[in-house]
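A short worksheet on the structure shown next.
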Amino acid sequence: MENNNHFPRQMPHSTDAEQALLGAVLINPEIMIDVETTLEIDDFYERAHQLIYSSMLEVNQANKKISPLLLMEHFKVKNIVNDVGGLSYLTNLFEMSPTSSNWEEYADIIRKNSLRRVLIRKAERLSLDSFNPETNVEELIAEAEKSMMDIEKDRRRDGFKTMRDVVYDIFTEIDEYSKLDNKGITGIPTGYRQLDKMTSGLQPNDLIILAARPSMGKTAFALNIAENVGMSSTNKNTVAIFSLEMGAEQLATRMISSVGHIDSSSLRNRQLNQEEWDNLAHVTGKLSDTNIFIDDTPGIRVNEIRSKCIKLKAQHGLDLIIIDYLQLIQGSSRRNSENRQQEVSEISRMLKALAREMECPVIALSQLSRSVESRQDKRPMMSDLRESGSIEQDADIVAFLYRDDYYNRGEGEDDEGAQSTQDEIEIIIAKHRNGPTGTVKLMFNKQHSNFIDLAVQEFEDGYIPPGS
């Protein structure tokens, strides 16, 4: 049944609020300093009010005191006296606002109506595009999500934070951490002692790039971190894993192998001995009790990742995001796909913005170019990041994985056929925006897809990895 209850088609606006705001500025020009950081010219609906506010901005920026007479001179120079209603209209504005103390309430009304108009215009454009049968639906959805993201970003117009407030927040945070027995780990522990010592844990708002050549072990390492964070004995952390290359079942199988110390080939062949069956029953229970979520949508767009993270955070909280891997993500629009480096740059910027918005670390896996193979020392460098764009600039931490045995295998041999089941692997911290760089060495157990902290047997200073 058709709904005939239609709202008025006139664009949302409040002439009274606009008049009251402009009148408040005429009464007390000093408030213009705050008003101009709150409202844009386009936030005003009435054309005359846009012209008056624009003139107020120009007068104020010229370090002159706003007054009706000075504004009139400005109108004459610009030949817009009739467009704004002349001196009589300015006088009316002055008289209509008895006080300037309520200017923030007027501005709030103006701003909200402005946002409504923006939403309407974007929705109308999307509606028209939706009727076009040649429009790609996925691109349309991506454009809609990007539009909402732009509106949300524009809506937030935070001003300065006083040094007093910032310093107090830092002091409070340090005081809280000093009461915890966390051995200097201010972020989320990865479960690897030396790595946590170097990074102080995974920090909120950080974009962490984990890069390596194919089959070096970066997915296994990222999953191990997810296990340690998700199975922490102190907190039930929520971890979101976006897997663009492997399915959810493949990832879960790897995690079962790693956590349960079950031979990965036994799991694949579905041939388990009694001990492995016992371990399987135990580990499936442990993993089922975690807040680890896997999205295996292939070719997912970066703004889809954001939308899903917003929803997950609202439902379960969100402590860590892992993306495997960066080069498989689609940009927010197909228009940039012709220039892949530009698209990857957009993706890395949006992932950094995602880390800040979700207030949690984002680990993005990345492929390395083949150029690393041509050097005698095959340890990766920043220049090896494939389609790097602005990855290096956006990342807070860039870490490379390197294994000697990877390059010493027999021809055509992979990790499954390698003679050694456990090899040393280097985690090279090549960039660390807020801390030291260096190399952390771990052992990689190929049989269980498991990374082992070399210091785990020492348990120095009472350090116990998460989930143990």
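If you're matching positions, the sequence shown starts at 0 in numbering that gives the first Met the number 0 and goes up one per residue.
For glycine and all other residues, C-beta sits at the position ideal for the given N, C-alpha and C.
For clarity, every value in this text was computed on a predicted model and none was experimentally measured.
Considering only the alpha carbon of each residue, which of 440, 200, 445 and 444 lies closest to residue 453?
Taking only the C-alpha atoms, the option nearest residue 453 is 440.
Starting from the C-beta of residue 306, find all residues in its chain whose C-beta is less than 7 Å away, skip the five residues before and the five after it, and write them out in chain order.
Around residue 306: 144.
Secondary structure at residue 93, three-state DSSP: helix, strand or coil?
Helix at residue 93.
Please name the residue in 259, 218, 260 and 347 whose C-alpha comes closest to that of residue 240.
Minimum Cα distance to residue 240 is reached at 218.
Mark residue 243 as exposed unless 16 or more other C-beta atoms lie within 10 angstroms of its C-beta, in which case mark it buried.
So residue 243 ends up on the buried side.
Closest to residue 372 by C-alpha separation, out of 60, 407, 166 and 122, would be which residue?
For the residues 60, 407, 166 and 122, the minimum Cα distance to residue 372 belongs to 407.
What whole-angstrom Cβ distance do residue 505 and residue 187 have, given they're in contact under 8 Å?
Here the chain covers residues 0 to 467 and nothing more, so residue 505 does not appear.
Of the choices 338, 346 and 315, whose alpha-carbon is the least far from that of residue 329?
Considering only alpha carbons, the answer is 346.
What residue from 381, 375 and 360 has the CA that sits closest to residue 366's CA?
The candidate whose alpha carbon is nearest that of residue 366 is 381.
In chain order, which alpha helix (DSSP H) runs of at least 4 residues are fully inside the stretch 295-365?
Entirely contained in the stretch 295-365, the alpha helix (DSSP H) runs reaching 4 residues are, in chain order, 301-315 and 339-357.
Looking at the unbroken beta strand (DSSP E) that takes in residue 381, where does it start and where does it end?
Looking at the DSSP string, residue 381 is not in any beta strand (DSSP E), and its letter there is neither H nor E.
Grab the span of the alpha helix (DSSP H) containing residue 128 for me, first residue to last.
Here the alpha helix (DSSP H) through residue 128 covers 102-130.
Within the same chain, show all residues whose beta-carbon is closer than 6 Å to that of residue 431, passing over the 5 residues directly before and after it, in chain order.
Counting only Cβ-Cβ distances below 6 Å, and skipping sequence neighbours, we find 396.
Among 205, 248 and 201, which one has its Cα closest to the Cα of residue 228?
Residue 201 is the option with its Cα nearest to residue 228.
Does the distance from the C-beta atom of residue 61 to that of residue 84 stay below 8 Å?
Not closer than 8 Å, so no.
To test your reading of the DSSP string, which unbroken beta strand (DSSP E) runs of 3 or more residues are found completely within the stretch 194-229?
The stretch 194-229 contains these whole beta strand (DSSP E) runs: 206-211.
For residue 367, which residues does DSSP report across the bridge?
Beta-bridge pairing links residue 367 to 384.
Would you tell me roughly how many angstroms separate the C-alpha atoms of residue 44 and residue 233, rounded to the nearest one?
Each residue's alpha carbon lies about 53 Å from the other.
Residues bridged to residue 245 by DSSP?
The partner list for residue 245 (beta bridge, DSSP) is empty, contrary to what the question assumes.
Which stretch, first to last residue, makes up the beta strand (DSSP E) that contains residue 443?
Residues 437-444.
Need the endpoints of the alpha helix (DSSP H) that residue 394 sits in, please.
First-last for residue 394: undefined, no H or E at that position.
Could you check what DSSP says for residue 37 in three-state terms: helix, strand or coil?
Three-state DSSP puts residue 37 in coil, outside helix and strand.
At the level of alpha carbons, what is the spacing between residue 133 and residue 142?
Roughly 15 Å separates the two Cα atoms.
Tell me which same chain residues have a C-beta within less than 6 Å of the C-beta of residue 113, skipping the five on either side of it?
So the qualifying residues of the chain are 42.
Would residue 20 be called buried (16 or more neighbouring beta carbons within 10 Å of its own) or exposed?
Classification of residue 20: buried, given that the 10 Å Cβ count is 16 or more.
Since residue 449 and residue 223 should fall inside the 8 Å C-beta cutoff, what is the C-beta to C-beta distance between them, to a whole number of angstroms?
Going by Cβ atoms, the distance from residue 449 to residue 223 rounds to 7 Å, so yes, they are a contact pair.
Using the C-alpha atoms, what's the distance from residue 72 back to residue 80?
Approximately 9 Å, taken between the alpha carbons.
Using a Cβ-Cβ cutoff of less than 6 Å, which residues in the same chain neighbour residue 212 once the five nearest sequence positions on both sides are dropped?
Result list for residue 212: 367, in chain order.
Between residue 426 and residue 275, what straight-line distance do the alpha-carbon atoms span, to the nearest angstrom?
Roughly 30 Å separates the two Cα atoms.
Just the Cα atoms here: how many angstroms apart are residue 190 and residue 401?
Approximately 19 Å, taken between the alpha carbons.
Would a C-beta distance cut-off of 8 Å place residue 86 and residue 25 closer than the cut-off?
Taking 8 Å as the Cβ cut-off, residue 86 and residue 25 do not qualify as a contacting pair.
Take the Cβ of residue 465 as the centre, count every other Cβ of all protein chains shown within 10 Å, and call the residue buried at 16 or more, exposed below.
A caution first: residue 465 carries a pLDDT of 45, below 50, which makes its placement in the model too unreliable to give a value.
Report buried or exposed for residue 324, applying the criterion of at least 16 other Cβ atoms within 10 angstroms of its Cβ.
Result: buried.
Within 10 Å of its beta-carbon, does residue 399 have 16 or more other beta-carbons around it, so buried, or fewer, so exposed?
So residue 399 counts as buried.
Would you decide whether residue 405 is buried or exposed? Buried here means 16 or more other CB atoms lie within 10 Å of its CB.
Per the 10 Å Cβ criterion, buried.
How is residue 235 classed by DSSP in three states: helix, strand or coil?
It is coil, neither helix nor strand.
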